[in-house]
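Student:
There are 2 protein chains.
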Amino acid sequence: MSPRPRRSAQIPHLQAAIQETAWAQIAEFGAAALSLRAVARALHITAPAIYNYFPSRDDLVTALIVDAFSSLADSQQAALSRLSAASPQEQLVALGMDYRQWALRYPQRYQLIFGTPIPHYHAPEDVTNPAASRALLSLMQVIQRLYTIQNPPRPHLAPMTPALEAMLTAWQSAGLPLEREVIYLAVVIWSRVHGLVQLEIGRQFPPHITDPGEVFQREIRSMLIQYSLNGE
Amino acid sequence: MSPRPRRSAQIPHLQAAIQETAWAQIAEFGAAALSLRAVARALHITAPAIYNYFPSRDDLVTALIVDAFSSLADSQQAALSRLSAASPQEQLVALGMDYRQWALRYPQRYQLIFGTPIPHYHAPEDVTNPAASRALLSLMQVIQRLYTIQNPPRPHLAPMTPALEAMLTAWQSAGLPLEREVIYLAVVIWSRVHGLVQLEIGRQFPPHITDPGEVFQREIRSMLIQYSLNGE
DNA sequence: AGGAATAATAAACGCTGTATATTTATTATA
DNA sequence: TATAATAAATATACAGCGTTTATTATTCCT
Numbered sequence: 605m606s607p608r609p610r611r612s613a614q615i616p617h618l619q620a621a622i623q624e625t626a627w628a629q630i631a632e633f634g635a636a637a638l639s640l641r642a643v644a645r646a647l648h649i650t651a652p653a654i655y656n657y658f659p660s661r662d663d664l665v666t667a668l669i670v671d672a673f674s675s676l677a678d679s680q681q682a683a684l685s686r687l688s689a690a691s692p693q694e695q696l697v698a699l700g701m702d703y704r705q706w707a708l709r710y711p712q713r714y715q716l717i718f719g720t721p722i723p724h725y726h727a728p729e730d731v732t733n734p735a736a737s738r739a740l741l742s743l744m745q746v747i748q749r750l751y752t753i754q755n756p757p758r759p760h761l762a763p764m765t766p767a768l769e770a771m772l773t774a775w776q777s778a779g780l781p782l783e784r785e786v787i788y789l790a791v792v793i794w795s796r797v798h799g800l801v802q803l804e805i806g807r808q809f810p811p812h813i814t815d816p817g818e819v820f821q822r823e824i825r826s827m828l829i830q831y832s833l834n835g836e
Numbered sequence: 605m606s607p608r609p610r611r612s613a614q615i616p617h618l619q620a621a622i623q624e625t626a627w628a629q630i631a632e633f634g635a636a637a638l639s640l641r642a643v644a645r646a647l648h649i650t651a652p653a654i655y656n657y658f659p660s661r662d663d664l665v666t667a668l669i670v671d672a673f674s675s676l677a678d679s680q681q682a683a684l685s686r687l688s689a690a691s692p693q694e695q696l697v698a699l700g701m702d703y704r705q706w707a708l709r710y711p712q713r714y715q716l717i718f719g720t721p722i723p724h725y726h727a728p729e730d731v732t733n734p735a736a737s738r739a740l741l742s743l744m745q746v747i748q749r750l751y752t753i754q755n756p757p758r759p760h761l762a763p764m765t766p767a768l769e770a771m772l773t774a775w776q777s778a779g780l781p782l783e784r785e786v787i788y789l790a791v792v793i794w795s796r797v798h799g800l801v802q803l804e805i806g807r808q809f810p811p812h813i814t815d816p817g818e819v820f821q822r823e824i825r826s827m828l829i830q831y832s833l834n835g836e
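One line per chain: the protein sequences are A and B, in this order. Every position in the first sequence, counted from 1, becomes a number in my numbering once 604 is added. Every position in the second sequence, counted from 1, becomes a number in my numbering once 604 is added.
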């Protein structure tokens with residue numbers, strides 16, 4: 605093959621092909637084991653050719669992180685669309701289930717975005733933070749809808765501290781158009797879902813919990829009760 | 605230096621020194637970036653010398669994992685000992701705080717044991733599972749104590765399913781001398797604490813949550829209420 | 001005392017990300 | 001249309017990695 609191949613011999617959409625091949629490698633070996641040379645080998649090119657599209661391995665990783673957040677956000681959005689006529693409680697449960705299903709389907713993607721950072725990789729936060737917040741959007745929307753329909757006292761929640769209130773207020777002031785309590789609930793519900801899911805895909809549950817999905821289901825339903833989101 | 609140095613020129617307790625040096629490397633670069641050659645360089649030996657003590661890099665990693673679980677378990681036990689005269693509610697809160705403090709102090713250890721698995725590493729579960737369960741022991745003990753003092757209805761918890769009950773029963777039959785509900789509460793409280801802590805050390809909280817410790821505090825106190833563990 | 005076992009090194013292998021120089025094809029410009 | 005510039009690819013090289021093998025010197029055991 606000549607150094608610059610004729611157009612007819614070039615791989616069409618090579619940038620996308622590199623990303624797809626990277627995903628296949630990550631799915632098999634994990635994100636930290638992503639090898640530019642393995643990606644190049646699979647595409648029958650040499651590793652330096654990848655630098656025409658991604659200035660460094662970090663840039664490829666960043667693109668993959670944005671991909672993963674988008675994929676999760678899209679999945680959450682689709683789950684919500686399928687249940688647009690359902691009650692917000694059902695929607696909340698469905699979002700939780702969808703989140704877990706997405707993680708179980710793409711465990712390595714999940715670990716890439718929420719797991720241990722890859723050694724020596726530095727995320728450009730101006731790029732990754734917006735993608736990350738998009739993944740939380742559907743959850744926030746559903747909780748805001750619940751809040752709008754009914755905002756009962758939440759006696760099973762410890763009091764909000766002034767420091768916490770200040771943080772949530774600052775977030776509002778930065779443009780998040782939601783009630784403070786909604787923001788808080790979204791964050792803690794997400795942390796709970798995340799905790800369960802991450803322990804599950806990481807095989808961290810003790811051996812006798814053979815079906816962590818059962819724990820997940822009970823916890824999701826318990827969250828509705830514990831945060832007074834179940835309309836009672 | 606001659607290939608086999610005299611005893612006087614050998615590094616005493618070299619195995620322990622390798623582990624300590626590995627911890628230092630991990631603390632700086634993360635566990636997945638652990639390099640036998642870097643460890644060897646720091647100790648002024650060559651990398652193959654490490655194979656006298658650890659048959660492979662995996663074996664060193666396994667030893668470090670067991671170290672980390674032990675360190676966490678010891679920290680939890682010490683926290684409990686310091687508050688042996690306190691109420692079990694206070695003990696539970698203290699355990700949660702101690703867990704988070706330990707993770708904040710040793711984030712890379714936390715990621716090693718509960719984060720994304722290291723590429724190509726295979727944990728010997730007969731070795732790592734007992735160490736992992738030891739880290740949960742103090743939490744289980746405190747919840748069992750709470751359960752023994754008072755076992756009120758828990759209306760904010762969704763019903764336990766037969767499948768979940770079967771798993772917990774099997775765990776009991778395997779030798780865990782605790783009530784099923786205690787086991788369940790320990791697992792879910794741990795998952796919640798883990799979720800918050802892992803998001804915190806992974807810098808995953810949205811940017812406006814500048815002090816995740818505030819979220820943690822409110823959630824710990826809310827757990828006492830939500831699982832009817834606060835004596836009311 | 002002699003042989004076996006052990007603790008270390010040197011050298012080698014096959015892998016990694018990245019940089020550099022070169023080649024060829026395509027595009028832009030005069 | 002011809003030339004210069006640009007772009008897409010390769011070959012080569014460098015410095016790093018975990019691991020293996022052979023070798024050497026020291027210690028231990030009989």
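Even for Gly, the Cβ is constructed at its ideal location relative to N, Cα and C. From a predicted model like this one, the values you see are computed outputs, not experimental measurements.
Determine the chain A residues that contact Met771/B at a beta-carbon separation under 8 Å, and present them in chain order.
Tutor: His812, Ile813, Thr814, Asp815 and Glu818
Student: Please decide whether Pro781/B counts as near chain A, where near means a Cβ-Cβ distance under 9 Å.
Tutor: no
Student: Examine chain A for any beta-carbon lying closer than 9 Å to the beta-carbon of Ala677/B, and answer yes or no.
Tutor: no
Student: Give a yes or no on whether 9 Å exceeds the smallest Cβ distance from Arg704/A to chain B.
Tutor: Judged by the 9 Å Cβ criterion, Arg704/A is not in contact with chain B.
Student: I'd like to know whether the C-beta atoms of Leu699/B and Ser742/B end up nearer to each other than 9 Å.
Tutor: yes
Student: Just mark His648/A as buried or exposed, buried being the case when its beta carbon has 16 or more other beta carbons within 10 Å.
Tutor: exposed
Student: Counting only Cβ pairs nearer than 7 Å, list the residues of chain A close to Arg825/B.
Tutor: Residues of chain A passing the Cβ test: Ala762.
Student: Any contact of the segment 661-678 of chain B with the segment 622-638 of chain B, i.e. 3+ C-beta pairs under 8 Å?
Tutor: Touching, per the Cβ criterion.
Student: Quick check on Thr720/A: buried or exposed, where buried means 16 or more other Cβ atoms within 10 Å of its Cβ?
Tutor: buried
Student: What is the DSSP secondary structure of Pro607/A, reduced to helix, strand or coil?
Tutor: coil
Student: If the criterion is Cβ atoms closer than 9 Å, does the pair Tyr751/A and Val791/A meet it?
Tutor: Not a contact, by the Cβ cut-off of 9 Å.
Student: Consult DSSP for Tyr714/B and reduce its assignment to one of helix, strand or coil.
Tutor: helix
Student: If you follow the alpha helix (DSSP H) that Arg641/A is part of, which residue opens it and which one closes it?
Tutor: Leu640 to Ala646
Student: Helix or strand or just coil, what does DSSP make of Ser832/A?
Tutor: coil
Student: Run the CB neighbour count on Gly779/B, radius 10 Å, all protein chains shown included, and call it buried at 16 or more, exposed below.
Tutor: exposed
Student: So what's Ser685/B in DSSP terms, helix, strand or just coil?
Tutor: Secondary structure at Ser685/B: helix, using DSSP grouped into helix, strand and coil.
Student: Applying a beta-carbon distance threshold of less than 7 Å, which residues of chain B neighbour Ser737/A?
Tutor: Pro810
Student: Kindly list the residues whose CB is nearer than 7 Å to the CB of Ala644/B, restricted to its own chain and excluding five residues on each side of it in sequence; keep chain order.
Tutor: Thr650, Ala651, Ala653 and Ile654
Student: Note down the Cα distance separating Asp678/A from Arg709/A, rounded to an integer number of angstroms.
Tutor: 14 Å
Student: Find the nearest neighbour of His724/B within the set Ala637/A, Ala631/A and Arg713/A, judged by alpha-carbon distance.
Tutor: Ala637/A
Student: Assign His726/A to one of two classes, buried (16 or more other C-beta atoms within 10 Å of its C-beta) or exposed (fewer than that).
Tutor: Taking every protein chain shown into account, the CB of His726/A has fewer than 16 other CB atoms within 10 angstroms, so this residue is exposed.
Student: Give the residues from the segment 721-748 of chain A that approach chain B closer than 9 Å (Cβ to any Cβ), ordered along the chain.
Tutor: Pro721, Ile722, Pro723, His724, Ala727, Glu729, Asn733, Ala736, Ser737 and Leu740
Student: If you measure from the beta carbon of Tyr788/A to each beta carbon in chain B, is any gap under 9 Å?
Tutor: So, interface residue.
Student: Taking the alpha-carbon positions, what's the Trp794/B to Glu694/A distance?
Tutor: 26 Å
Student: One question on the structure: do Gln681/A and Tyr703/A come within less than 9 Å of each other, judged by their Cβ atoms?
Tutor: no
Student: Nearest chain B C-beta to Gln715/A closer than 9 Å, yes or no?
Tutor: yes
Student: Taking CB distances under 9 Å as the criterion, tell me whether Thr765/A reaches chain B.
Tutor: yes
Student: How would you label Glu818/A, buried or exposed, when you count the other beta carbons within 10 angstroms and need 16 or more for buried?
Tutor: buried
Student: Just curious, the alpha helix (DSSP H) that Arg758/B is in, first and last residue?
Tutor: Looking at the DSSP string, Arg758/B is not in any alpha helix (DSSP H), and its letter there is neither H nor E.
Student: Just the chain A side, please: which residues come within less than 7 Å of Ala774/B by C-beta, in chain order?
Tutor: His812
Student: In or out: Ile753/A buried (at least 16 other Cβ within 10 Å) or exposed?
Tutor: exposed
Student: Quick one, which residues of the segment 659-673 of chain A are near chain B if we go by CB-CB under 8 Å, in chain order?
Tutor: none
Student: With a 10 Å radius around its C-beta and 16 neighbouring C-beta atoms as the bar for buried, classify Gly799/A as buried or exposed.
Tutor: Residue environment for Gly799/A: buried (at least 16 other C-beta atoms within 10 angstroms of its C-beta).
Student: Distance check for Gln808/A and Val731/A, CA to CA, integer angstroms please.
Tutor: Whole-angstrom Cα-Cα distance: 31 Å.
Student: Closer than 8 Å between beta carbons: that is the criterion. Which residues of the segment 629-653 of chain B meet it against chain A?
Tutor: If you check each beta-carbon in the segment 629-653 of chain B against every beta-carbon of chain A, the ones closer than 8 Å belong to Phe633, Gly634, Ala635, Ala636 and Ala637.
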